[in-house]
Ligand code: DAU
């Protein structure tokens, strides 16, 4: 790995990964990013001076552009973070999820096939669907996605695996748990609840709030991806998470306690349609490569909450912009009908 094309490198996980690459390797990094609402140049404000980093604004679905970038930068590895990622947005408007997550991934695969590139794909634990208590997903489990978002991610995973089987393309896939950390767009639950609490606004907990999630720090996700790039076996899938979980109400309590805010901010609102009750992954396969997470979920959540508390320069302009229209659509009615905890 010398010249890496990182798609979606201005998004949350992508930008954290780019920073890790610049800090810990000698590679040249080219970001291809469409700069949708969830991508921000500020996520890498401390990195743009680095001569090993460049940004091209464009769509992964533009095959000519991707071919041109691969040739002109002598790319030998594509890491695909580019995706529409928010489940609630996929319920409101699903088609763009198929365009970017499925067709976009396949365009990248086509270019990788043409030039014989290594291809690493970023996937999610949501492809396994809802996981009953007592079970942890392993990489060979069947894919049973239940939302338009997770269905598009599962389709992409299967295309990536098909290119390995059919064309012998050197691929790897990582499936990440719920990530938390700096620069996550405030549509996702922890930045949403934190920034709401900081503004003394209600925290809209879907349903009973007893859904289980593995809140893993984005830093650990990124070191896991790097480990797979360095030591992973070609053609294989690796889960990346902590293997630990908590309920959304426990997570909400950490947000409130970290900020010293009252429980009266909690509102139980109408649930997300098709809401997966529990995700949980076994991460032994990645551990066997010599990777260990630095953070437990509780510390990951608390540290993230403190980051948002200390960095309102980053999120205040977002919350003042077009985000307000989304917030109204997603939460307006829900909050009107809601009950205090
Ligand atoms: O599990 C990995 C996935 O984690 C990623 O693939 C997705 O891209 C990412 O969005 C995330 O999906 P979730 O749907 O689990 O994350 P979200 O932050 O939207 O919600 C986390 C939990 O919090 C979930 O059980 C729904 C609940 N929630 C979420 C929001 C936005 C609420 O109770 N209220 C809310 O307002």
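Numbering (my numbering), first residue to last: 15 to 355. Every residue, glycine too, gets a C-beta built ideally from N, C-alpha and C. These figures come from a predicted structure and were not determined experimentally.
Per DSSP, residue 82 is one residue of the alpha helix (DSSP H) stretching across 77-86.
Under the three-state reduction of DSSP, residue 66 is assigned to coil, being neither helix nor strand.
When distances are taken from the beta-carbon of residue 277 to the heavy atoms of the ligand DAU, even the shortest one reaches 7 Å or more. The beta carbon of residue 172 sits closer than 8 Å to the beta carbons of 157 from its chain, once the five residues preceding and following it are set aside; these are given in chain order. The continuous stretches of alpha helix (DSSP H) do not include residue 185, which lies in the beta strand (DSSP E) extending over residues 185-190. In the structure shown, residue 196 adopts coil according to DSSP, grouped into three states. For residue 331, no beta strand (DSSP E) run applies; the uninterrupted alpha helix (DSSP H) run containing it begins and ends at 326-334, by DSSP. Per the C-alpha coordinates, the member of 335, 299 and 336 positioned closest to residue 150 is 299. Residue environment: residue 27 is assigned as buried (16 or more neighbouring CB atoms within 10 Å of its CB, all protein chains considered).
Beta-bridge analysis with DSSP links residue 151 to 295. Shown here for residue 289: same chain residues with a beta carbon closer than 7 Å to its own, the five before and five after excluded, namely 220, 221 and 225 in chain order. Under a 10 Å Cβ-count criterion, residue 305 is classified as buried, with 16 or more other Cβ atoms of the shown protein chains found around its own Cβ. About 7 Å separates the Cβ atoms of residue 228 and residue 295, confirming a contact at the 8 Å cut-off. 204 is the residue among 237, 33 and 204 whose C-alpha sits nearest the C-alpha of residue 320.
Under the three-state reduction of DSSP, residue 230 is assigned to strand.
Note that the C-beta distance between residue 140 and residue 115 is not below 8 Å. Counting only residues of its own chain and dropping the five nearest sequence neighbours on each side, residue 249 has a CB closer than 7 Å to the CB of 178 and 185. For residue 225, the Cβ falls inside the 7 Å cut-off from some heavy atom of the ligand DAU.
If you look at residue 309, you'll find it isn't in any alpha helix (DSSP H); DSSP assigns it neither H nor E.
Looking at the DSSP output, residue 104 sits in no beta bridge, so it has no partner there.
By the neighbour-count criterion, in which a residue is buried when 16 or more other Cβ atoms sit within 10 angstroms of its Cβ, residue 103 is buried. Excluding residues up to 5 positions away in sequence, 321 lie with their Cβ nearer than 6 Å to the Cβ of residue 196 in the same chain.
Residue 255 and residue 307 have their C-alpha atoms roughly 8 Å apart. Counting C-beta pairs with one atom in each stretch, the region 267-274 and the region 127-141 have fewer than three that are closer than 8 Å, which means they do not touch. Contact between residue 268 and residue 315 holds, with the beta-carbon distance rounding to 5 Å and staying under 8 Å. In this structure, residue 218 lies away from residue 297, with their beta-carbon atoms at least 8 Å apart.
Here residue 135 is bridged, per DSSP, to 94 and 187. No heavy atom of the ligand DAU is found nearer than 7 Å to the CB of residue 253.
The criterion of a C-beta distance shorter than 8 Å is satisfied by residue 291 and residue 144. Remark: the shortest separation between the CB of residue 293 and any heavy atom of the ligand DAU falls under 7 Å.
Nearest to residue 37 by C-alpha distance, out of 136, 45 and 67, is 67.
Per the coordinates, the alpha-carbon of residue 302 lies some 29 Å from the alpha-carbon of residue 265.
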